[in-house]
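Protein chains in written order, with our numbering: chain D, 674 to 876; chain P, 674 to 876.
Backbone N, C-alpha and C fix where the C-beta goes; we use that ideal spot for every residue, glycine too.
Note that the structure is predicted; figures quoted are calculated from it, not measured.
Worksheet: one structure, shown below.
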DNA sequence: GTCTATATCCCGATAGAC
DNA sequence: GTCTATCGGGATATAGAC
């Protein structure tokens, strides 16, 4: 950690990036609600006012972290080279990836679903989420013979299941179950939903 | 609201209950993280120190609210007279009830899954959750020919799906979908999972 | 059981110097 | 772009009177 001595001027190479990194660390330790600008500046050894040269306010910094979270999630869901698999297996693979991402980057996962960020005021987040939804739609449409209503039913079911499994895992209901086991479970449930997708539609 | 005048002594009929009620209201408006003891006392017109005659600290009050939430959820999942339905329908019915509860009592639902309460330090909460898990197990075991592993697979899948659907609904991905529609969706996904439950087991 | 008063701490954000 | 200094606010929790 570069410091130019007590009280001296301090120039970080890239304070903006350092703030995002530190925010992730703090969120990991104390949760989103436990994050504060003050704590971040303390850890970096900069003045409390320094972040405001890079971010308008606390939410603006959290939004930047959220964007990074989306990019990482997308990379985990859609690894290069998987595009050749059949849609059902890609879907199961995405469910696995979702679980793995949440477990490996819990602070980021929590931020996305627990931060209460106003996405209307942070369109960057919506833009970063778009590719994820698109990757999903591609798989699901292929399994529904381009029937959009059926595709939506299946997509919602798979998304909800993966999300729900992760939540239950992270909230401590894991009686010794490992991340890998939960990921496999998500994949199996996804296959089961695909198999009985004809039951998912409205009557 | 009974007040004995500005500055005068104030005796609420049941401050403990009033605090729980007010906490629910505040959580509903500002979320769990937006709740504070100070705000609660302000709304009730009592001194900031008054709650400490009934609760050790902020978490202790939130734990009491969580217990009440569990009782309400249990009542919604297990309405009297439904015990006679076949297990699959009871299960679908519970999924519906879960969605309805979350939508109707969002502050309480959020508290249960977002509060980060240390359940080890609040065994009352675990005790209040027990009946819910038990009601669930009863349905699922009947559908699995008493195969405990299979029962656990199905239970986890159904729980996760209902939970995930609710989360997606509450987090704003409802493009005009109503609570009733999501509840029906949860019921249908549950039936689909029951139908393909043979796919849920580990290989 | 409730009040008044207070101690202690943390936070977000800004102004102005350099 | 970063620092120093500061304002204004809100939080939890305790002590002691009644």
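Find out if the Cβ-Cβ distance for the pair residue i, residue j is shorter than 9 Å.
i	j	result
residue 860(P)	residue 768(P)	yes
residue 773(P)	residue 856(P)	yes
residue 696(D)	residue 734(D)	yes
residue 785(P)	residue 742(P)	yes
residue 826(P)	residue 731(D)	no
residue 873(P)	residue 819(P)	no
residue 711(P)	residue 719(P)	no
residue 842(P)	residue 775(P)	yes
residue 822(P)	residue 875(P)	yes
residue 780(D)	residue 701(D)	yes
residue 739(D)	residue 699(D)	no
residue 796(P)	residue 747(P)	no
residue 754(D)	residue 792(P)	no
residue 729(D)	residue 749(D)	no
Between which two residues does the alpha helix (DSSP H) carrying residue i extend?
i	result
residue 732(P)	731 to 750
residue 867(D)	852 to 868
residue 757(D)	Where residue 757(D) is concerned, there is no enclosing alpha helix (DSSP H), given that its DSSP letter is neither H nor E.
residue 783(P)	779 to 787
residue 688(D)	688 to 703
residue 717(D)	710 to 717
Can you round the beta-carbon distance between residue i and residue j to whole angstroms, since I take them to be within the 8 Å contact cut?
i	j	result
residue 867(P)	residue 814(P)	Between residue 814(P) and residue 867(P) the Cβ distance is about 13 Å, and since that is not below 8 Å, they are no contact.
residue 839(D)	residue 787(D)	Actually they do not touch by this definition, with Cβ atoms about 12 Å apart.
residue 835(P)	residue 771(P)	4 Å
residue 893(D)	residue 736(D)	Since the displayed chain D opens at 674 and closes at 876, residue 893(D) lies outside it and no answer follows.
- Decide if the region 860 to 874 of chain P is in contact with the region 749 to 767 of chain P; the criterion is three or more beta carbon pairs, one per stretch, under 8 Å apart. At 8 Å Cβ cutoff, the stretches touch.
- Query: Where in the region 795 to 838 of chain P do unbroken runs of the alpha helix (DSSP H), each at least 4 residues long, occur, reported from the N-terminal end onward?
  - Reply: Segments of the alpha helix (DSSP H) lying fully in the region 795 to 838 of chain P: 796 to 815.
- Message: Contact between the region 801 to 810 of chain P and the region 808 to 822 of chain D is defined here as three or more beta-carbon pairs at a separation below 8 Å; is this criterion met?
- Response: Here the region 801 to 810 of chain P does not lie against the region 808 to 822 of chain D, with fewer than 3 beta-carbon pairs under 8 Å apart.
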